[in-house]
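Colleague:
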Amino acid sequence: MARTDRLRLLVLAVFASLTPLALSACGTAPQNKAEGPGSAPFTLSGANGRPVSDYTLKGKPYAIFFGFTRCPDVCPTTLARMAHLRKAMGADGAKFAIVFVSVDPEHDKPADIGRYVDLFGTPIIGATGSKAQIDAITKNFGVFYQKVPQPGGDYTIDHSAIVILMDRKGHFAGTLSDSEDEKASLAKLKPLVA
16 MARTDRLRLL VLAVFASLTP LALSACGTAP QNKAEGPGSA PFTLSGANGR PVSDYTLKGK
76 PYAIFFGFTR CPDVCPTTLA RMAHLRKAMG ADGAKFAIVF VSVDPEHDKP ADIGRYVDLF
136 GTPIIGATGS KAQIDAITKN FGVFYQKVPQ PGGDYTIDHS AIVILMDRKG HFAGTLSDSE
196 DEKASLAKLK PLVA
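Under the working numbering, the first residue of the sequence shown carries the number 16, and numbering increases by one thereafter.
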């Protein structure tokens with residue numbers, strides 16, 4: 016990935032992590048957790064062929080990340096980090112789900128996503144959907160993605176690099192950033208599973 020692309024993703028990650036604070040300062044942030052990111056219903060196709068929805072995920076906290084399987088660095092690094100954090104939590108690590116949503120339905124079919132998430136050595140729920148479903152869920156969670164044409168007719172995808180935390184009731188509980196150290200991330204995950 017080119018340096019300018021990395022810089023663009025870093026800027027997007029910083030913006031995504033600061034947006035809730037900025038909205039709160041302006042007095043327009045949702046006051047009710049149920050109205051925050053991830054509050055609208057959604058349904059996607061899971062890597063195992065079963066639906067993944069707000070309904071199927073309720074009852075267990077989860078960390079959700081949006082990307083694509085051909086991502087050269089942000090996605091594999093983030094998912095490997097989430098696998099590491101789960102392991103660092105010991106028995107508590109099994110108390111939350113990790114969800115990876117591909118924003119590249121044109122390339123990433125459910126079986127492709129299943130093979131991809133299996134590479135990380137920890138249970139990860141892989142999912143995707145139609146472009147309309149992806150547009151709806153990314154809007155719902157307040158994440159950005161955009162297809163970027165490449166020479167020769169291929170494309171890559173710019174996307175938010177933030178992990179969104181949801182509690183067991185399906186309410187927004189915070190975010191994890193790749194700029195945080197392990198201690199700070201664990202401090203956010205541990206109360207989620209308490």
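Backbone N, C-alpha and C define an ideal beta-carbon position, used for all residues, glycine too.
Keep in mind the model is a prediction, meaning the values are calculated, not measured.
1) Could you give the DSSP three-state label for alanine 142: helix, strand or coil?
2) Report the residue from Met181, Ala199, Gly189 whose alpha carbon sits nearest the alpha carbon of glycine 74.
3) Three-state secondary structure (DSSP) at serine 175?
4) Less than 8 Å between the C-beta atoms of serine 60 and proline 125, yes or no?
5) Report, in whole angstroms, the separation of the C-beta atoms of serine 200 and leucine 100, which I expect to be a contact under 8 Å.
6) Across which residues does DSSP place isoleucine 79 in a beta bridge pair?
7) Around the C-beta of valine 163, are 16 or more other C-beta atoms found within 10 angstroms, so that it is buried, or is it exposed?
8) Given a cut-off of 8 Å, decide if aspartate 119 and isoleucine 172 are closer than it, judged by their beta-carbon atoms.
9) What does the alpha-carbon distance come out to for the pair lysine 203 and glycine 167?
10) Which residues in the same chain as alanine 62 place their Cβ atom closer than 6 Å to its Cβ, once the five residues preceding and following it in sequence are excluded?
11) Look at the alpha carbon of glutamine 148 and the alpha carbon of threonine 58, and state the distance between them as a whole number of angstroms.
12) Indicate the three-state DSSP secondary structure (helix, strand or coil) for phenylalanine 187 in the structure shown.
13) Please state if the CB of isoleucine 113 and the CB of threonine 84 are separated by a distance shorter than 8 Å.
14) Give the C-beta separation of valine 116 and isoleucine 139 to the nearest angstrom, bearing in mind that I take them to be a contact with Cβ-Cβ under 8 Å.
15) When you compare each of Tyr131, Leu207, Phe187 to asparagine 155 by their alpha carbons, which one comes out closest?
16) Where do the N-terminal and C-terminal ends of the alpha helix (DSSP H) with glycine 108 fall, by residue?
Modeller: Quick answer:
1) Here residue 142 refers to the residue found at position 127 of the sequence shown. Of the three classes helix, strand and coil, the one that applies to alanine 142 here is strand, per DSSP.
2) One-based indexing of the sequence shown puts residue 74 at position 59. Of the listed residues, the one whose Cα sits closest to glycine 74 is Met181.
3) Here residue 175 refers to the residue found at position 160 of the sequence shown. Residue state, collapsed to three classes: coil.
4) Here the question's residue 60 lines up with position 45 in the sequence shown. Here the question's residue 125 lines up with position 110 in the sequence shown. Result yes, Cβ atoms of serine 60 and proline 125 sit closer than 8 Å.
5) The residue given as residue 200 occupies position 185 in the sequence shown. The residue given as residue 100 occupies position 85 in the sequence shown. So it is a contact: roughly 6 Å between Cβ atoms.
6) The residue labelled residue 79 in the question sits at position 64 within the sequence shown. Answer by DSSP bridge pairing, in chain order: Val114, Ile179.
7) Numbered from its first residue, the sequence shown carries residue 163 at position 148. Counting Cβ neighbours within 10 Å, valine 163 comes out exposed, since fewer than 16 surround it.
8) As a position in the sequence shown, residue 172 is number 157, starting the count at 1. As a position in the sequence shown, residue 119 is number 104, starting the count at 1. It is a contact, given that the beta carbons lie within the stated cut-off.
9) For the purposes of this step, residue 203 is identified with residue 188 of the sequence shown, where counting begins at 1. For the purposes of this step, residue 167 is identified with residue 152 of the sequence shown, where counting begins at 1. If I take the Cα positions, the gap works out to 43 Å.
10) The sequence position of residue 62 within the sequence shown is 47, counting from 1. So the qualifying residues of the chain are Pro125, Ile128, Gly129, Gly141.
11) Indexing the sequence shown from 1 puts residue 148 at position 133. Indexing the sequence shown from 1 puts residue 58 at position 43. Computed Cα separation, rounded: 7 Å.
12) Locating residue 187 in the sequence shown gives position 172, where the first residue counts as 1. It is a strand residue.
13) Position 69 of the sequence shown, counted from the start, is the residue given in the question as residue 84. Position 98 of the sequence shown, counted from the start, is the residue given in the question as residue 113. No, the pair does not count as a contact, with Cβ atoms beyond the cut-off.
14) As a position in the sequence shown, residue 116 is number 101, starting the count at 1. As a position in the sequence shown, residue 139 is number 124, starting the count at 1. Rounded, the Cβ-Cβ distance is 11 Å, inconsistent with contact.
15) On the sequence shown, position 140 is the one that residue 155 refers to. When only C-alpha atoms are compared, the closest one is Phe187.
16) Within the sequence shown, residue 108 is the residue found at index 93, counting from 1. Run containing glycine 108: none; DSSP gives neither H nor E here.
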